[in-house]
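Asks: Chains A and B supply the protein sequences, listed in that same order.
All letters in the first sequence, in the order written, are residues 25 to 255 by the working numbering.
All letters in the second sequence, in the order written, are residues 25 to 255 by the working numbering.
Idealized CB from N, CA, C, for every residue including glycine.
Below is the structure I would like to discuss, written out as structure tokens.
Number of protein chains: 2
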Amino acid sequence: MGIENLHIDIGKVSYKTMADEVEMKLLEYLKRKSFKPGDALPKEMELTAALGVSRNVLREALSRLRMLGMIETKKRRGMVLSSPDILGSMERVMDPLIIDDTTLQDIFELRLTLEMGLADILYIRKTKKDIEELEKIALSQKTTPTKQNFRIKHEVEFHGKIYQMTGNRTMQRFQTMLLPIFGYLVNEEKVPIVGKVSHIDLVNLLKNGSREEFREGMRKHLEHHFKKLKK
Amino acid sequence: MGIENLHIDIGKVSYKTMADEVEMKLLEYLKRKSFKPGDALPKEMELTAALGVSRNVLREALSRLRMLGMIETKKRRGMVLSSPDILGSMERVMDPLIIDDTTLQDIFELRLTLEMGLADILYIRKTKKDIEELEKIALSQKTTPTKQNFRIKHEVEFHGKIYQMTGNRTMQRFQTMLLPIFGYLVNEEKVPIVGKVSHIDLVNLLKNGSREEFREGMRKHLEHHFKKLKK
DNA sequence: AATTTTAATATGTAGTACATAAGTATTTAA
DNA sequence: TTAAATACTTATGTACTACATATTAAAATT
């Protein structure tokens, strides 16, 4: 094992602030007490008293929970638990320039994996209407120029539609988040590589082919990406 | 389109606090200026002056960025940008009792999709040693009782090992996060359903079979989950 | 010159004060 | 008596001050 994942393996020497501590305790408290969304939570003053910290520190922790969508606060009414947005905070940090290279590569592979796994759900959920729309997208790209930025835009449009066809909004959002990363890494390729299976081919497979045939088509479409993966 | 995703479609009527605003501006600032990890950031006082807010509000926003791992702060030295932990905040909120049902289902499907997409990377990265370890796990489960909690524990162990074999730590962490959700939904099944393809079968496929054969094996292993998916 | 001591500085925590929104109770008027 | 207007209460939101603490930089001492 290399040294590049050391920060994951042993963790950082992070000295914990009280806000960190309070955040942890609050999360634990909310889960342990098994509050349900909508339930009212204690007032700030009650929490400061119980935790023995200043309102300042408490509010820093609460602010984090608010960001996660775990709590909602209204003046006078107080706080209530709510259903967190599991992808929200991920969206905030999705910037290829900030994320470390190992994770970028991981994300790249994660998307490839999803793409290869899509067939099963796709064949359960696909509709005639969706396939027609996908075909329209694929055909519109046939005649357009092959400049780099155009090519990526088309990739995004086509694959985005496929994710949408799964009817799974979380998956759809997830893939949208991964796109900048994907685009960033692919952009480094100087020579535009054309897969053996085009978008139109994929549409035809989706129309007439089996689940397995579509998946193999997708594999060939992504072949050049897979070839570059390191053992 | 149903009403169940309305909160995603139109967003909540959330009245924005200044901390929300400042958080947004800081994120935008950090990305726009294309700081790199390690770069020093302005002092709190400079930021309060520039933003025209109290130190209190600023610190609530900074506290959020700290939670995301985007910034690190040290006394006297100030703040530096750092590589965020993209899954960290997701881990915090992964509680099946809090997350709404639609998202829970989405997550369930997301995991199935990953599972089906794993074959490609797995066949690039698998080693003899890993397969032996996986076999050991599979065999140890053959003789054990079939009680619900044991079954789930075995599932976790086996599939966890497979994810580990991808060499993709993000994927591995991601799946670990998804487990409680998966366990929660599967736990509702009263009758233990045994797939046509067992863990041992999967190991043998991984040893002697092709990528496609392994994937079809995985599909059969997960068949009863797929059968329950709604159109 | 090397070491110790002192000072300076930026973040961390505490506490007070007041603004603001939103229920709740009270008063006023039809 | 009831409806509307008014005043009151309460919990969160924002601002400001003060001081603690860690860490770097500078100064003093050996």
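Cβ-heavy atom distance between residue 74 of chain B and the ligand HEM below 7 Å?
Replies: The ligand HEM is absent from the structure shown, which contains no ligand whatsoever.
Asks: For residue 96 of chain A, which three-state DSSP category applies?
Replies: Correct three-state label for residue 96 of chain A: strand.
Asks: Using a beta-carbon distance cut-off of less than 8 Å, what residues from the stretch 136 to 156 of chain B approach chain A?
Replies: Of all residues in the stretch 136 to 156 of chain B, 136, 137, 138, 139, 140, 141, 142, 143, 144, 145, 148, 149 have a Cβ within less than 8 Å of some Cβ in chain A.
Asks: Output, in sequence order along the chain, the residues in the stretch 233 to 250 of chain A whose CB is closer than 9 Å to any CB in chain B.
Replies: So the close ones are 235, 236, 239, 240, 243, 246, 250.
Asks: Near residue 82 of chain A, what residues of its chain come up, given a Cβ to Cβ distance below 8 Å and the 5 sequence neighbours on each side ignored?
Replies: So the qualifying residues of the chain are 46, 68, 71, 72, 75.
Asks: Quick check on the DSSP output: the alpha helix (DSSP H) that includes residue 102 of chain A runs from which residue to which?
Replies: Element bounds for residue 102 of chain A: not the alpha helix (DSSP H) but the beta strand (DSSP E), 102 to 105.
Asks: So what does DSSP say about residue 202 of chain A, is it helix, strand or coil?
Replies: Residue state, collapsed to three classes: helix.
Asks: Mark residue 103 of chain B as exposed unless 16 or more other C-beta atoms lie within 10 angstroms of its C-beta, in which case mark it buried.
Replies: Buried: at least 16 other Cβ atoms inside 10 Å.
Asks: Are the beta-carbon atoms belonging to residue 92 of chain B and residue 66 of chain B less than 8 Å from one another?
Replies: No.
Asks: Counting contacts by CB-CB distance shorter than 8 Å, is residue 228 of chain B in contact with chain A?
Replies: So, not an interface residue.
Asks: Does any residue of chain A have a CB that is nearer than 8 Å to the CB of residue 64 of chain B?
Replies: Cβ-Cβ to chain A under 8 Å: no for residue 64 of chain B.
Asks: Relative to the C-alpha of residue 184 of chain B, which candidate in B:238, B:142, B:94, B:106 has its C-alpha closest?
Replies: With distances taken between Cα atoms, residue 184 of chain B lies closest to B:142.
Asks: Which chain B residues are close to residue 119 of chain A, counting only those with a beta carbon under 7 Å from its beta carbon?
Replies: Chain B residues near residue 119 of chain A: 55.
Asks: Give a yes or no on whether the C-beta atoms belonging to residue 247 of chain A and residue 207 of chain A are separated by under 8 Å.
Replies: It is not a contact, given that the beta carbons lie outside the stated cut-off.
Asks: Counting pairs of Cβ atoms below 8 Å between the stretch 183 to 199 of chain B and the stretch 122 to 142 of chain B, do you hit three or more?
Replies: Taking 8 Å as the limit for Cβ pairs, the verdict is that the stretch 122 to 142 of chain B does touch the stretch 183 to 199 of chain B.
Asks: Please name the residue or residues paired with residue 64 of chain A in a DSSP beta bridge.
Replies: Residue 64 of chain A pairs with A:104.
Asks: Look up residue 80 of chain B in the DSSP assignment and say whether it is helix, strand or coil.
Replies: Looking at residue 80 of chain B - three-state DSSP - the assignment turns out to be helix.
Asks: Would you report the Cα separation of residue 89 of chain A and residue 131 of chain B, rounded to the nearest angstrom?
Replies: Between residue 89 of chain A and residue 131 of chain B, the C-alpha separation is close to 21 Å.
Asks: Along chain A, in chain order, which residues have C-beta atoms closer than 9 Å to that of residue 222 of chain B?
Replies: Going along chain A, no residue has its Cβ under 9 Å from residue 222 of chain B, so there is no contact; the nearest lies around 20 Å.
Asks: Counting only the same chain and skipping the five closest in sequence on each side, list residues whose C-beta sits under 8 Å from that of residue 192 of chain A.
Replies: For residue 192 of chain A, where only same-chain residues beyond five positions count, the Cβ hits under 8 Å are 145.
Asks: Are the beta-carbon atoms belonging to residue 223 of chain B and residue 165 of chain B less than 8 Å from one another?
Replies: Their beta carbons are under 8 Å apart, which means residue 223 of chain B touches residue 165 of chain B by this criterion.
Asks: By the three-class DSSP mapping on this structure, what secondary structure does residue 59 of chain A have?
Replies: Looking at residue 59 of chain A - three-state DSSP - the assignment turns out to be coil, as it is neither helix nor strand.
Asks: Hey, residue 201 of chain B and residue 118 of chain B: beta-carbon distance below 8 Å or not?
Replies: In this structure, residue 118 of chain B lies closer than 8 Å to residue 201 of chain B by Cβ.
Asks: Is it the case that the Cβ atoms of residue 114 of chain A and residue 113 of chain B are separated by a distance below 8 Å?
Replies: For residue 114 of chain A and residue 113 of chain B, yes; Cβs fall inside 8 Å.
Asks: From residue 174 of chain B to residue 151 of chain A, what does the alpha carbon distance come to, in whole angstroms?
Replies: Distance between the alpha carbons of residue 174 of chain B and residue 151 of chain A: 40 Å.
Asks: Span of the alpha helix (DSSP H) holding residue 39 of chain A?
Replies: Unbroken run through residue 39 of chain A: none, as it is neither H nor E.
Asks: 8 Å is my cut-off, CB to CB: does residue 69 of chain B come that close to chain A?
Replies: Output row for residue 69 of chain B: interface = no.
Asks: Counting only runs that start and end within the stretch 101 to 148 of chain B, where is the alpha helix (DSSP H) found for 4 or more residues in a row?
Replies: Runs found: 112 to 117.
Asks: Closer than 9 Å by beta-carbon distance: list the chain B residues that pair up with residue 52 of chain A, in chain order.
Replies: Simply none; closest approach about 10 Å.
Asks: Counting only C-beta atoms, is residue 87 of chain A closer than 8 Å to chain B at any point?
Replies: So yes, residue 87 of chain A belongs to the interface.
Asks: Just to check my reading of the structure: residue 221 of chain A and residue 244 of chain A have Cβ atoms closer than 8 Å, yes? What is that Cβ distance to the nearest angstrom?
Replies: Confirmed, Cβ separation roughly 4 Å.
Asks: Does residue 211 of chain B have its Cβ less than 8 Å from a Cβ in chain A?
Replies: So no, residue 211 of chain B is outside the interface.
Asks: Give a yes or no on whether the C-beta atoms belonging to residue 203 of chain B and residue 180 of chain B are separated by under 8 Å.
Replies: Yes, the Cβ-Cβ distance between residue 203 of chain B and residue 180 of chain B is below 8 Å.
Asks: With residue 241 of chain A as the anchor, note down where its alpha helix (DSSP H) starts and where it stops.
Replies: Note, residue 241 of chain A: alpha helix (DSSP H), 235 to 245.
Asks: Just to confirm my understanding: we take residue 162 of chain B, look at its own chain, exclude 5 residues before and 5 after, and list those with CB closer than 7 Å. What are they?
Replies: Within the same chain, residue 162 of chain B has close Cβ partners 182, 223, 224, 227.
Asks: At 7 Å on the CB atoms, spell out the chain A contacts of residue 58 of chain B, in chain order.
Replies: Under the 7 Å cutoff, chain A gives 121.
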